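First the structure, in the form of structure tokens, and then the observations on it.
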Amino acid sequence: MLIHEDRLFPADPGTRSIARALYAHIRDLPIVSPHGHTQAAWFAKNEPFPDPAKLLVQPDHYVYRMLYSQGVSLEELEIGRGEMKDPRRVWRIFAKHYFLFRGTPTRIWLDFVFQELFGLTERLSEAMADLYFDTISEKLRTPEFLPRALFERFNIEVLATTDSPLDSLADHRAIRDSGWNARILPTFRPDPVVDPEFAGFKENIARLGEQTGEDTSCWRGYLEALRKTRIRFRFLGCTATDHGHPTPHTADLPQAEATDLFARVIAGNADVEQQELFRAQMLTEMARMSLDDGLVMQIHPGSVRNHNHTLYQQYGRDIGADIPRPTNYVDGLRPLLSRFGNESKLTIILFTLDESTYSRELAPLAGHYPCLRLGPPWWFHDSPEGMVRFREQATESAGFYNTVGFNDDTRAFLSIPARHDVARRMDCAFLAKLVAEHRLNEDEAHEVAHALTYGLVKQAYKLEGA
Amino acid sequence: MLIHEDRLFPADPGTRSIARALYAHIRDLPIVSPHGHTQAAWFAKNEPFPDPAKLLVQPDHYVYRMLYSQGVSLEELEIGRGEMKDPRRVWRIFAKHYFLFRGTPTRIWLDFVFQELFGLTERLSEAMADLYFDTISEKLRTPEFLPRALFERFNIEVLATTDSPLDSLADHRAIRDSGWNARILPTFRPDPVVDPEFAGFKENIARLGEQTGEDTSCWRGYLEALRKTRIRFRFLGCTATDHGHPTPHTADLPQAEATDLFARVIAGNADVEQQELFRAQMLTEMARMSLDDGLVMQIHPGSVRNHNHTLYQQYGRDIGADIPRPTNYVDGLRPLLSRFGNESKLTIILFTLDESTYSRELAPLAGHYPCLRLGPPWWFHDSPEGMVRFREQATESAGFYNTVGFNDDTRAFLSIPARHDVARRMDCAFLAKLVAEHRLNEDEAHEVAHALTYGLVKQAYKLEGA
Amino acid sequence: MLIHEDRLFPADPGTRSIARALYAHIRDLPIVSPHGHTQAAWFAKNEPFPDPAKLLVQPDHYVYRMLYSQGVSLEELEIGRGEMKDPRRVWRIFAKHYFLFRGTPTRIWLDFVFQELFGLTERLSEAMADLYFDTISEKLRTPEFLPRALFERFNIEVLATTDSPLDSLADHRAIRDSGWNARILPTFRPDPVVDPEFAGFKENIARLGEQTGEDTSCWRGYLEALRKTRIRFRFLGCTATDHGHPTPHTADLPQAEATDLFARVIAGNADVEQQELFRAQMLTEMARMSLDDGLVMQIHPGSVRNHNHTLYQQYGRDIGADIPRPTNYVDGLRPLLSRFGNESKLTIILFTLDESTYSRELAPLAGHYPCLRLGPPWWFHDSPEGMVRFREQATESAGFYNTVGFNDDTRAFLSIPARHDVARRMDCAFLAKLVAEHRLNEDEAHEVAHALTYGLVKQAYKLEGA
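Chains as they are written, first to last, in this note's numbering: chain P, 2 to 467; chain E, 2 to 467; chain Y, 2 to 467.
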């Protein structure tokens, strides 16, 4: 077998049996996935997923960045080259290097997918490559593996995508119109029209104007266009926005200065500092709009995008070369918090790639400001040890109830159950330790486990109605 | 029962039994509390403490910041509104939200107080609110719960308060004069007269001049006034100073420059950078005076005070909105250490809110400079997991003997035994792990446990004589 | 006994037995020591080591920095005073203070040396000082304790020293010429000729010119001299370079600017920023040369050398007063990585003194760039807890196979087996936890343990041939 029923539970027998008991009560709760990068089109069209290489290797930068780091070229993997021509060859390369993932969460997620979805029980290796390829390919062609069938099998109650303001959301509308009863929601991610460094920024803003009938060449019209687009998103069930800024800097400029800054930015005359200031101002503007329209804000700061200049020139964005940078929330968020921090109707969910901020900044901030909540460990830290560090470093200052449950944050639809399972097990493991050390009673631990799995995410993301 | 006799000990049975044995030998040692924020007036007057809301909710920002973060307003809690009018109502709100403290040290401390002091054994909840309120209120009116009786019951050998240089220390003198045989000592905390950003800074310095008969409008007179005030404190048993600076920056300016800087600061002409430089210079001046008068220096840097601008304007200081910031000791302390770092007669105890400095800066510094010692985990980090991180990250470079035992650092007098109990248990848990893994012998672990509980604090704070 | 056969293994009985089984298979593998500070002269001359004070106290700043931090003066320890006059007296001081090392790796290493090498079984203390001194002194005079005999007894397969480009490497040549069949290799550490702040920088460069017959007063000649010297090192088996820079900043200047910068630096006209820029440029130049000659680069950044100004003036460099500083790899390395980061023929091994970078920067970087590998925990972090943090924080993003096994990095030749033993045990303990928690299969853990002990170091440091 690839996965063990006690996986991720503490080795100490007494603690393990507490973890097992906690997990037994929450393992079958529905999946609420309020932030991720699956595609509405899959569910709108409901066509079969392709072969395992295109499905599990090509879109997953967790996978190919590790291979790349060990000298496998992107050419060999047919990454960034359009349609993959020889997926079986790519799959064999992956299989041969599968040992590289020992000790990583990717290994845990994939083994879960291989065994639970595809019934494979012998470890992937070069020798097993073809058996895996054929078994998976065959199953993917059956009706049970169509996107909608999997969605139901996965017991997903809510699934949020992440979408540009320029997206027509046609796929979301198609899902609604199809009469299929599934809750798949868009998320408003305005980076393409609020980040002056985003490719095509100026054109994006022009398109935003066309879409909304607003004059986005001036500050007022631009804000109005954003406001209208948020309403369009809300109409399709959107409850949240998402902001992928290089830093968590915020600003609260006087209107005249903001107007000037926008003019400079839109004219392409803004220097690096002014671009940063513009993004900072836009976070505060988004918070202001959230107070009006109720959308929950998510902030994902601290990534240096496209760190590898050579690859960026060859392959463009999203090639596995985004690297975290030290992040300062305490100074960065202050202007926004000075303005709106005490509004308990506003919800801002903070994420980090800089774990040193958990105990130093994030937990103290979330343990004070009514608007703040802490998102789960993100990206590189969405891993068993990353989850332990988050709970150990955030809980004592912020408590459990200033956190918001789990995000799978994935492009890999098939891995969603695996990822939620890891989070549920790690939360139960953490709670079991508290119970075993008499820091929490077992009845309370059951309540907290339920909240971390289901209650808090629905509350924080305003998914409780409907 | 609210608390378990094995609480906080490791779950592994073998390690737990070692921890139990270590703890059995140190649990009854007297409490030495060399740094905290209790009030001498309580012991001077020896009047009953008020009801539980005024005693346990109102003064404890650990408590109300959590409630505030979850949308309970300060109005509802009657915080910062003078005399509390409906303490039972406030207590009920607190009781209803007590579940928020799961997994936090506040929960551990309060459960200890409820059970060990007040004999309560059923968990606090909305339903239990009145029983708790009445039980606690009633006991607080009995002679056994008067401040002095509790002091004795708690087995406190030394209790230090924290005091402004402008404080007359009348309460401390009253305690002495009363003939009651308890060692309650003032601590010299000069922030009001060395921090140009402190409210009333200029007036404070004028008052310092009046109190000491020195001309504090000039640098020499100002320093002389500080020197005299330190002597006044020492006369009442003070052995330590405390410095709550935004950063650990120090400076060692030539006398002429320091004189000029003081003139600018006192005239209100200093910019933000000069104000910081003045604080930096004053740390070095304080070290110089400590070399003369023997007072131990404590430095508590790295807190952004009054981060929440709106609340600060409404309620003023100390409203639970102080947030840590990244802190650099290695560059900041260098001027002071270049001047006095090799003096083994000088003791400087360093604290931090930035745990990333434990292994990177603090342990390496304390493991070299004879004057440096590491204070225990402070504030947000005064918690079980915080204590584990401190020992795990500081011990291997600095050893146990460059640390100084525990500080409760609390305003909440009733929680003092609970807090020391947590520290003792966590130290025993840490040592038990070392013994179980054959990294330390059990006889040595007993010696270290005693030192961490009793010996080191008395030595570091120069409390051994008298 | 001083050391226990299960030392450093997890306390949980099930996990411990897995750790034991893993360790049993790798404990007797040969030692590969690719980075350290032993002296080739010891093996060239093969003369007896001196008494225990000169051998174990005087050269080991881990030892005397702890004593110094607790008020023992360097005078008492006869540090930095030339030939030690009363080693027995120094040894007694050390023995009396041996308890200070409780909980530190120094204690673990020394107890191993005392028991395994010298057969001592009763703990060192003031009372045992003379017995230890006499026992050790006596053994050191026997043939079994001569450097070459110990080298063979230690089962060392490769031992690398660290050498200045100005070193004639006569001792390395003498070892080769002696016919003794041991692989002792130099490492090219160019700090004396690439760091403008290095004492004697200008003279060093002039000497480099003399040694190589190049005109090192111009940029081209300087680079050519370095290139030639690297070849001279390679000729004696050198496979790696090492770079001890204050920061990991790199630069990739146009040739004209680099030429100008060199001229300014060599003329002594470079300010602090230009000196830093020069070091930054030199890292890129070294990478360029590594691509040609195949030498593996090691970068050891982030230490503030000679932090204690007073001691530096009295005693000079390397007196135990080097302190880590926060280190930024993600921005610092970008110029070099933009140039050469995608070359899988290049190997750059990164070290850190700032543990907050493990999960934030180093693991993400090494998990992407083909040229990058992560060195083991360094210096203050070369300790049991430091090793746990490294594996826990780096493995999930970088995997095991982007790490390079263990470095002892020591001047203390006798401690080499002890240090490798600690690393092997901690790796087995980490792997045992993964197995016990069903995150890795036991057969895989055996493979990984072998790789971490032997395979990866030989591969990363290109020691597989020969």
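We put the CB at the ideal spot given by N, CA and C, even for glycine.
In this text the structure is predicted, and so the values were computed from the model without any measurement.
As assigned by DSSP and simplified to three states, the class of residue i
i, result
"P14 of chain Y", "helix"
"D332 of chain Y", "helix"
"D168 of chain P", "coil"
"S291 of chain P", "helix"
"Q460 of chain Y", "helix"
"M388 of chain P", "helix"
"R374 of chain P", "strand"
"F341 of chain Y", "helix"
"P325 of chain E", "strand"
"V73 of chain P", "coil"
"Q40 of chain Y", "coil"
"L186 of chain Y", "strand"
"T404 of chain P", "strand"
When the options are compared against residue i, the one with the closest alpha-carbon
i, options, result
"L354 of chain Y", "Y:P325, Y:H369 and Y:P377", "Y:P325"
"S218 of chain E", "E:S357, E:H250 and E:I267", "E:I267"
"Q394 of chain Y", "Y:Y99, Y:R142, Y:D410 and Y:G368", "Y:G368"
"E438 of chain E", "Y:M427, Y:E443 and Y:D444", "Y:M427"
"K140 of chain Y", "Y:A461, Y:T358, Y:H447 and Y:P51", "Y:P51"
"L125 of chain P", "P:R154, P:W92 and P:L432", "P:W92"
"Y402 of chain E", "Y:T105, Y:L312, Y:F431 and Y:S165", "Y:T105"
"S165 of chain Y", "Y:Y455, Y:A171, Y:A241 and Y:D192", "Y:D192"
"L382 of chain E", "P:W380, P:A364 and P:P385", "The question names Leu, yet the displayed sequence has His at residue 382 of chain E. Per the Cα distances, P:A364."
"D168 of chain P", "P:N329, P:Q212, P:V389 and P:D444", "P:Q212"
"A128 of chain Y", "Y:N156, Y:Y99 and Y:H451", "Y:Y99"
Segment limits, beta strand (DSSP E) that includes residue i
i, result
"H244 of chain P", "A241 to H244"
"L160 of chain Y", "I157 to A161"
Residues of its chain near residue i, where Cβ-Cβ distance is below 6 Å and the 5 sequence neighbours each way are ignored
i, result
"I350 of chain P", "Q299, R374, G376 and V405"
"V387 of chain P", "Sequence check: residue 387 of chain P is Gly here, not Val. Closer than 6 Å at Cβ, skipping near neighbours: P378."
"L453 of chain Y", "G406 and D428"
"E117 of chain P", "none"
"I206 of chain P", "V194 and T217"
For residue j and residue i, the rounded distance between their alpha carbons
i, j, result
"D196 of chain E", "R82 of chain E", "27 Å"
"Y316 of chain Y", "L56 of chain Y", "19 Å"
"M287 of chain E", "L337 of chain E", "10 Å"
"K346 of chain Y", "H244 of chain P", "38 Å"
"D272 of chain E", "R392 of chain Y", "46 Å"
"P53 of chain E", "F113 of chain E", "15 Å"
"N47 of chain E", "D332 of chain Y", "60 Å"
"K434 of chain P", "F199 of chain Y", "51 Å"
"S357 of chain P", "R142 of chain Y", "51 Å"
Range covered by the alpha helix (DSSP H) that runs through residue i
i, result
"S34 of chain Y", "Counting along the chain, S34 of chain Y falls outside any alpha helix (DSSP H), though it belongs to the beta strand (DSSP E) covering I32 to S34."
"R149 of chain P", "P148 to R154"
"I350 of chain P", "Not the alpha helix (DSSP H): I350 of chain P falls in the beta strand (DSSP E), residues I349 to L351."
"M298 of chain P", "M298 of chain P -> not in any alpha helix (DSSP H); beta strand (DSSP E) instead, spanning V297 to I300."
"I267 of chain Y", "Q256 to I267"
"W110 of chain Y", "P106 to F113"
Same chain, Cβ closer than 7 Å to residue i, five either side skipped, listed in chain order
i, result
"P327 of chain P", "D355"
Any non-hydrogen atom of the ligand FMN within 7 Å of residue i CB
i, result
"R326 of chain Y", "The ligand FMN is absent from the structure shown, which contains no ligand whatsoever."
Beta-carbon contacts of residue i that lie in its chain and below 8 Å, excluding the five residues immediately before and after
i, result
"D7 of chain P", "R17 and R21"
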